[in-house]
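Our numbering applies: residue 1 is where the sequence shown begins, and numbers increase by one.
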Amino acid sequence: MSRFNQLFSSTIGKKLIMSLTGIFLSLFLVVHLVGNLQLFKSDGGLAFNEYAYFMTHFAPIKAISYLLYATFIVHALYSLIITYRNRKARPIAYASYNGAANSTWNSRNMGLLGTIILIFLVTHMSNFWYQYHWGDVPYVEYTTNIQTGETSVRDIPAAEFHDFVKYIEDGSEIMIAKDLYKEVNFSFQSWYLVVFYVLAMVALGFHLAHGFKSAFQTLGFDHNRYAPLIRAIGFWIFGILIPLLFAAMPLYSFFVVNS
1 MSRFNQLFSS
11 TIGKKLIMSL
21 TGIFLSLFLV
31 VHLVGNLQLF
41 KSDGGLAFNE
51 YAYFMTHFAP
61 IKAISYLLYA
71 TFIVHALYSL
81 IITYRNRKAR
91 PIAYASYNGA
101 ANSTWNSRNM
111 GLLGTIILIF
121 LVTHMSNFWY
131 QYHWGDVPYV
141 EYTTNIQTGE
151 TSVRDIPAAE
161 FHDFVKYIED
171 GSEIMIAKDL
181 YKEVNFSFQS
191 WYLVVFYVLA
201 MVALGFHLAH
211 GFKSAFQTLG
221 FDHNRYAPLI
231 RAIGFWIFGI
241 LIPLLFAAMP
251 LYSFFVVNS
């Protein structure tokens, strides 16, 4: 067996893979968040629907998306392998061992948190990604007056249009696109789905707060000079801010858009 295979078949190698995939997924969350913040714009979904089309049709983004799907699978698979081997290595808990005194709650429950996030991802992909590609999502036409900036919105049944267009006509910019914005707000009419999304973001916050810090520790970034900064970014940005903003989206849809 080569040194490369020995490394990535060892516990350290598996943790290294977990760290690299985790950091990549964290960076994706930042990009995904920036795009989804378009939901808060009071433009009838124009910016969000344009963003949704770009993310699903721009060739480089589509290529990265396949890498993203593979990364999700690898990250989840190696998480299960590491959890299983850790439990197998110590089948009987030490009677005197007090986990709470030696580690944080989220560090001891990363498997549980990851399972909740996995269930959320399946639900999320089913509700929006699948529906956008293969569901009966209606189209919408935006007509924006170039001089005044005023925009009018007109619904178009899905059977009447099957493309994305954007053009200038008679002093107005016209855009026709799939109305994923309407699909999002329709889904978040259900209070139980909103509650599930918020709870999933709480789980994501706990998962990221520990995982971000641990990933950099595994990669060797645990020097006193920059470890405090990594911990701060992991806690305040990935553990608090990002999950909070994601959780605000279904709440905004339920209490503001759908009210």
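Virtual Cβ for every residue (Gly too), placed ideally from N, Cα, C.
* To do: Identify whether T173 lies in helix, strand or coil by the three-state DSSP scheme.
  => In the sequence on display, residue 173 carries Glu and not Thr. The answer is strand: DSSP assigns E173 an E or B state.
* **Classification of H262 by the beta-carbon crowding that lies within 10 angstroms, buried from 16 upward** => Lying outside 1 to 259, the shown extent of the chain, residue 262 is not represented and no answer is given.
* To do: Tell me whether the beta-carbon of L39 lies closer than 7 Å to the beta-carbon of M249.
  => yes
* Asked: With A247 and V195 assumed to form a contact (beta carbons below 8 Å), what rounded beta-carbon distance in angstroms separates them?
  -> The pair is not a contact, with the Cβ atoms about 10 Å apart (cut-off 8 Å).
* Using the C-alpha atoms, what's the distance from S79 back to E183? -> C-alpha separation (whole angstroms): 33 Å.
* Hey, is the region 208-219 in contact with the region 233-244, meaning 3+ C-beta pairs nearer than 8 Å? -> yes
* Could you name the residues of the same chain whose beta carbon sits closer than 6 Å to that of S253, not counting the 5 residues immediately before and after it, in chain order? => N185 and F188
* So, E141 versus I168, is the Cβ gap smaller than 7 Å? -> no
* Asked: Which residues in the same chain have their Cβ closer than 7 Å to the Cβ of Y66, if we skip the five residues on either side of it in sequence?
  -> none
* Take I179 as the anchor and find which of E173, Y69 and W129 has the nearest alpha-carbon. => For the record, residue 179 in the displayed sequence is Asp; it is not Ile. Looking at the Cα atoms, W129 is the closest of the given residues.
* To do: Indicate the three-state DSSP secondary structure (helix, strand or coil) for E141 in the structure shown.
  => The DSSP-derived three-state label of E141 is strand.
* Whole-number beta carbon distance between I117 and A203, since they are thought to touch under 8 Å -> At roughly 6 Å, the Cβ-Cβ gap stays under 8 Å, so A203 and I117 are in contact.
* Asked: Among D222, L241 and L193, which has the Cα closest to the Cα of H124?
  -> The shortest Cα separation from H124 among D222, L241 and L193 belongs to L193.
* To do: Taking only the alpha-carbon atoms, compute the straight-line gap between T143 and D136 and give it to the nearest angstrom.
  => 23 Å
* **Residue from L219, I242, A76 and F238 with nearest C-alpha to S19** => L219
* Asked: Roughly how many angstroms lie between the CA atoms of P138 and G205, to the nearest whole one?
  -> 34 Å
* **Cα-Cα separation between R87 and K41, rounded to whole angstroms** => 48 Å
* Where R231 falls: helix, strand or coil (DSSP) -> helix
* **Identity of the residue in A63, T148 and R85 nearest T11 by Cα** => R85
* Could you tell me which residues DSSP pairs with D155 in its beta bridges? => According to DSSP, D155 bridges with V140.
* Is E146 helix, strand or coil when you go by DSSP? -> According to the sequence displayed, residue 146 carries Ile and not Glu. Three-state result, I146: coil.
* Asked: Roughly how many whole angstroms lie between the Cα atoms of S172 and I146?
  -> 5 Å
* Starting from I23, trace the alpha helix (DSSP H) both ways and give me its first and last residue. => T11 to N36
* Asked: If you drop the 5 nearest sequence neighbours on each side, which residues of the same chain put their C-beta closer than 8 Å to that of N258?
  -> Result list for N258: N185, F188 and Q189, in chain order.
* Asked: Are the Cβ atoms of L29 and I242 separated by less than 7 Å?
  -> Against a cut-off of 7 Å, the Cβ pair of I242 and L29 comes out as a contact.
* **Own chain, CB closer than 6 Å to G239, minus 5 neighbours either side, in chain order** => Taking G239 as the centre and dropping the five residues before and after it, the same chain places the C-beta of G205, L208 and A209 closer than 6 Å to its C-beta, in chain order.
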